[in-house]
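Heads up: the structure comes next, in structure tokens.
Protein chains in written order, with this note's numbering: chain A, 171 to 263; chain B, 461 to 595.
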């Protein structure tokens with residue numbers, strides 16, 4: 171068993187086109203560090219230099235936005251599904 | 461080129477007018493790979509702002525999962541500008557993340573005419589495309 175991670179179209183360049191990949195870790199931060207071993211460059215698209223989740227990336231644990239849980243410190247376990255979606259946003263300026 | 465039915469075109473314009481002066485936003489889904497916009501979904505603007513829009517994250521999650529289950533994709537992603545022209549702004553370009561989508565911009569700055577324009581936004585490059593409205 172592992173944690174299943176669903177990857178959006180725009181980030182599949184880091185996963186050889188795969189829609190979903192698997193990883194392990196006890197928190198989201200550990201999971202992203204683990205994924206980086208096999209999918210170099212992916213972590214930087216999710217986590218900013220300050221170690222926080224990037225503002226315009228939505229990450230969901232099962233069907234909950236992790237911003238409403240504990241962000242990157244959110245505990246994860248085998249059998250969970252993590253979904254990454256780029257926020258759809260913009261504005262006049 | 462974006463080919464869109466008159467009724468979907470009218471729905472986008474009606475949504476933009478209804479939410480004016482706040483920005484309105486939404487999706488028209490279609491079968492994956494078909495380039496045919498078919499299913500209209502008005503989204504909440506979580507920012508409720510005249511100068512910014514952002515899909516509500518929970519609503520986006522459910523819609524994206526639904527599209528996945530239906531083998532659909534976001535063929536059109538639309539939003540309105542309410543005081544400026546219907547051209548992608550710097551923020552629109554930097555957050556554009558669906559390279560296969562037609563980004564439709566509607567401007568409601570004039571009361572009696574609505575600008576309706578479509579773009580591809582790929583790797584920060586904006587390409588305007590013609591819009592063909594079919595009955």
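Glycine included, C-beta positions come from ideal geometry on N, C-alpha and C.
Note to self: Using the Cβ count rule (16 or more neighbours within 10 Å means buried), how would you classify residue 561 (chain B)?
What the structure shows: Its Cβ being crowded by 16 or more others within 10 Å, residue 561 (chain B) is buried.
Checklist line | N-terminal and C-terminal residue of the alpha helix (DSSP H) that residue 522 (chain B) is part of | finding: Annotation for residue 522 (chain B): the continuous alpha helix (DSSP H) segment containing it runs 517–529.
Notebook entry, point to check: Quick one: what does DSSP say residue 239 (chain A) is sitting in, helix, strand or coil?
Noted result: When DSSP states are grouped into helix, strand and coil, residue 239 (chain A) belongs to the coil group.
Notebook entry, point to check: Can you list the alpha helix (DSSP H) stretches of 4 or more residues lying completely in the stretch 196–237 of chain A, in chain order?
Noted result: If we require 4 residues or more, the alpha helix (DSSP H) runs fully inside the stretch 196–237 of chain A come out as 198–208, 212–216.
Notebook entry, point to check: In chain order, what residues of the stretch 249–261 of chain A put their CB closer than 8 Å to some CB of chain B?
Noted result: Cβ contacts with chain B come from 253, 255, 256, 257, 258, 259, 260, 261.
Notebook entry, point to check: What does residue 179 (chain A) reach in chain B if we use C-beta pairs closer than 9 Å?
Noted result: Within chain B, the residues near residue 179 (chain A) are 533, 557, 558, 559, 560.
Check: Excluding sequence positions up to five away, which residues of its chain have a Cβ less than 6 Å from the Cβ of residue 255 (chain A)?
Finding: These residues qualify, in order along the chain: 178, 228.
Next item on the list: Just the chain A side, please: which residues come within less than 7 Å of residue 478 (chain B) by C-beta, in chain order?
Entry: Residue 478 (chain B) does not reach chain A, its nearest Cβ partner there being about 18 Å away, counting only Cβ pairs nearer than 7 Å.
Item checked: residue 235 (chain A): contacting residues in chain B (beta-carbon distance under 9 Å) -> Neighbours of residue 235 (chain A) on chain B, chain order: 517, 518, 521.
Notebook entry, point to check: Quick one: any contact between the stretch 562–578 of chain B and the stretch 535–553 of chain B, if contact means 3 or more CB pairs under 8 Å?
Noted result: Touching, per the Cβ criterion.
Notebook entry, point to check: For residue 230 (chain A) and chain B, any beta-carbon pair shorter than 7 Å?
Noted result: Yes, residue 230 (chain A) counts as interfacial toward chain B.
Check: On the premise that residue 201 (chain A) lies in contact with residue 210 (chain A), defined as a C-beta separation below 8 Å, what is that separation, rounded to the nearest angstrom?
Finding: About 15 Å; that fails the 8 Å criterion.
Notebook entry, point to check: At a Cβ cut of 7 Å, what residues of the stretch 486–517 of chain B count as close to chain A, listed as they run along the chain?
Noted result: Correct list: 511, 512, 513, 514, 515, 517.
Check: Are the C-beta atoms of residue 226 (chain A) and some chain B residue less than 7 Å apart?
Finding: At least one chain B Cβ lies under 7 Å of residue 226 (chain A).
Check: For residue 180 (chain A) versus residue 557 (chain B), is the C-beta distance shorter than 7 Å?
Finding: Contact flag set, yes.
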